[in-house]
Amino acid sequence: MPRISRWFVRTSLIYLALGSTFGALLLADKGVSVWPLIWLTLPWHMEFLLLGWMVQLAMGVAFWILPRFSSGPPRGNELWIWLAYVCLNTGIAMIILQTWMRTEWLPVAGRFLEAAAVLLFVIGNWRRVKPFGADV
Amino acid sequence: MPTLTRWFVKTAMIYLALSLLLGMGVAYNPLSGSGGLAGLFPVYLHLLVFGWLTQLIFGVAYWMFPKYARGPARGSETLGWMTYLLFNIGLLMRAAGELVQQRPPQSIWAWMLVVSALLQWLAVMLFIINIWPRVRGK
Chain U
0 MPRISRWFVR
10 TSLIYLALGS
20 TFGALLLADK
30 GVSVWPLIWL
40 TLPWHMEFLL
50 LGWMVQLAMG
60 VAFWILPRFS
70 SGPPRGNELW
80 IWLAYVCLNT
90 GIAMIILQTW
100 MRTEWLPVAG
110 RFLEAAAVLL
120 FVIGNWRRVK
130 PFGADV
Chain X
0 MPTLTRWFVK
10 TAMIYLALSL
20 LLGMGVAYNP
30 LSGSGGLAGL
40 FPVYLHLLVF
50 GWLTQLIFGV
60 AYWMFPKYAR
70 GPARGSETLG
80 WMTYLLFNIG
90 LLMRAAGELV
100 QQRPPQSIWA
110 WMLVVSALLQ
120 WLAVMLFIIN
130 IWPRVRGK
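Residue numbers (numbering that gives the first Met the number 0), protein chains in the order written: chain U, 0 to 135; chain X, 0 to 137.
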């Protein structure tokens, strides 16, 4: 597994742990309510698990297993993918921060960075969606 | 494909079918305003995202992630089976607990949700403990 995939996958596992912890606290509170304020973390639970865990894991594994090139860097220019990693995780952090800092621009900037991460990832991997052995 | 993966993947497929069936019930909204299952939307969502997607990922990751050259190739199979059992017992308890909690009295069923939360959380942690060392180069 290439280094950048390891970063994606390990970060996704950290988000899985965080998202599941908040999810477990929310579900427990749904049963026996002891701390209703925990429901303020519902957006974190969703952000951590959907973007932090699933999208991030998919990116890491896709970069690892998509067909490689026979000449040049086998997985293309990794710079796109590193930028995608930074944008995705900065975006997630901004979305989480906006629950404390009520600003108008933070959630918009966070979602913009998440979308930019996906775009960078698509650009970096587009040519690798090809038959095995064919260099397009 | 290892046996544990087959169990994860086949169970995930069953959850996919169940969640979509439940989705029909959740979407059904009688004009009378009673008898609908709209309150079970969180169960529908979690059967789909946790029972199907996450379970499928757990099974495939156990199968495909880099293996060890020495010792058990895929790490602890016992931890894997514990993950599977806690995950599914927890998720089924959650579904049952939320289904019954729609009606009073709620006491025992409320605690069932607490236990189900704990079981699912433990399953996730065991999965992470088992898979983390396998996130590595060849």
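Glycine included, C-beta positions come from ideal geometry on N, C-alpha and C.
Proximity to U/Pro66 [Cα-Cα], best of U/Met100, U/Lys129, U/Arg2 and U/Arg101
U/Lys129
Roughly how many angstroms separate the alpha carbons of X/Gly22 and U/Leu26, rounded to a whole number?
20 angstroms
Give the range of the alpha helix (DSSP H) segment to which X/Met12 is assigned.
Thr2 to Ala26
Could you compute how far the alpha carbon of U/Phe111 sits from the alpha carbon of X/Leu84?
39 angstroms
Since U/Phe68 is in the alpha helix (DSSP H), which residue starts that stretch and which ends it?
No alpha helix (DSSP H) contains U/Phe68, which DSSP labels as neither H nor E.
Could you compute how far the alpha carbon of X/Gly136 sits from the alpha carbon of X/Leu90?
33 angstroms
Since U/Gly51 is in the alpha helix (DSSP H), which residue starts that stretch and which ends it?
Unbroken run through U/Gly51: none, as it is neither H nor E.
Would you mind telling me which residues of chain X sit closer than 8 angstroms to U/Ala0, beta carbon to beta carbon, in chain order?
Strictly speaking, residue 0 of chain U in this sequence is Met, with Ala absent from that position. Here the neighbours are Phe64, Pro65, Val134, Arg135, Gly136 and Lys137.
Where U/Asn124 sits in the DSSP three-state scheme
helix
Among U/Val117, U/Phe62, U/Leu96 and U/Thr98, whose alpha-carbon lies nearest the alpha-carbon of U/Ala83?
U/Val117
Short of 9 angstroms Cβ to Cβ, which residues in the segment 35–56 of chain X face chain U?
Pro41, His45, Val48, Phe49, Leu52, Thr53 and Ile56
Based on Cα-Cα distance, which residue from U/Asn76, U/Asn88, U/Pro72 and U/Ile37 lies nearest to U/Ser11?
U/Asn88
Alpha-carbon spacing of U/Thr20 relative to X/Leu118, whole angstroms
11 angstroms
Taking the alpha-carbon positions, what's the U/Trp63 to U/Met0 distance?
6 angstroms
Starting from X/Tyr61, trace the alpha helix (DSSP H) both ways and give me its first and last residue.
Gln54 to Met63
Span of the alpha helix (DSSP H), counted from its first residue to its last, around U/Thr98
Unbroken run through U/Thr98: none, as it is neither H nor E.
Find the residues of chain X that neighbour U/Ala16, judging by a C-beta separation of less than 8 angstroms, and give them in chain order.
Val123, Met124 and Ile127
State the start and end residues of the unbroken alpha helix (DSSP H) segment that holds X/Trp120.
Ser106 to Ile130
In this structure, how does DSSP classify U/Pro73 when only helix, strand and coil are distinguished?
coil
For X/Tyr14, which residues in the same chain have their Cβ closer than 7 angstroms to its Cβ, ignoring the five residues on either side in sequence?
Leu46, Gly50, Trp51 and Gln54
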